[in-house]
Amino acid sequence: MLEPRYIARWTPELDSARLQLGEVVISRSGSIGEVGLITQAWDGWAGSDDLARVAAKEGLSDPGYLYIFLTSPYGQIQIQRQIYGGVIDHLEVEHLAQIRVPRAPLDVQQEIGDLVWKAFALRDEANALEEAAVRQLEEVIRKGPGPHLVLGQAE
């Protein structure tokens with residue numbers, strides 16, 4: 393379950409830390425190469441400087457297309473080859489700028505990107521449903537003891 397965290401509104405770097413709808417983010421420290429797409433559910437949240445951000449250029453590229461390319465074996469191998477570090481892996485934003493993305497026609501990118509956005513919308517919906525189920529379970533537990541099921545035992 394997603395645990396809400398809060399940052400003081402007066403944090404000086406807060407505006408630059410805010411994630412924006414359509415950004416593609418890539419982890420650049422620790423578990424390198426994890427790629428995400430900022431949807432409505434994450435728009436406005438804060439991200440650390442361990443996330444590199446890739447913004448699609450309007451009229452030139454589609455965020456969903458960039459996301460799916462970067463998660464593909466072709467994108468991942470370009471990300472992974474730039475990793476450095478002895479104990480904790482790192483990746484610099486300058487390294488990501490060297491990634492070569494095939495430039496498909498914009499309508500093809502958008503067709504692929506639309507599928508990605510649909511998938512993320514379904515993921516966001518599934519996460520919201522799971523959070524609702526957890527809240528319901530927590531309410532059952534708060535109401536107090538009742539009969540218990542013991543896993544592995546037949547009734």
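The letter at position 127 of the sequence shown is residue 519 when you use my numbering, and the numbering goes up by one with no holes.
Ideal placement from N, C-alpha and C gives every residue a C-beta, glycine not left out.
Setting aside the 5 residues that flank it on each side, His487 is surrounded in the same chain by Gln474, each with a C-beta closer than 6 Å to its C-beta; the list follows chain order. Taking every protein chain shown into account, the CB of Tyr459 has 16 or more other CB atoms within 10 angstroms, so this residue is buried.
In the structure shown, Ser408 falls within a helical segment according to DSSP collapsed to helix, strand and coil. Here Ile491 is not near Gly456, since their CB atoms are 8 Å or more apart. Taking C-beta atoms as the reference points, Leu406 and Gln432 fail to come closer than 8 Å. Here DSSP, grouped into helix, strand and coil, assigns Leu458 to helix. Straight through space, the alpha carbons of Glu530 and Ile469 are spaced by roughly 42 Å. Close CB contacts of Ile430 within its chain, under the 7 Å cut and outside five residues either way in sequence, are with Leu411, Gln412, Leu413, Gly414, Glu415, Val417 (chain order).
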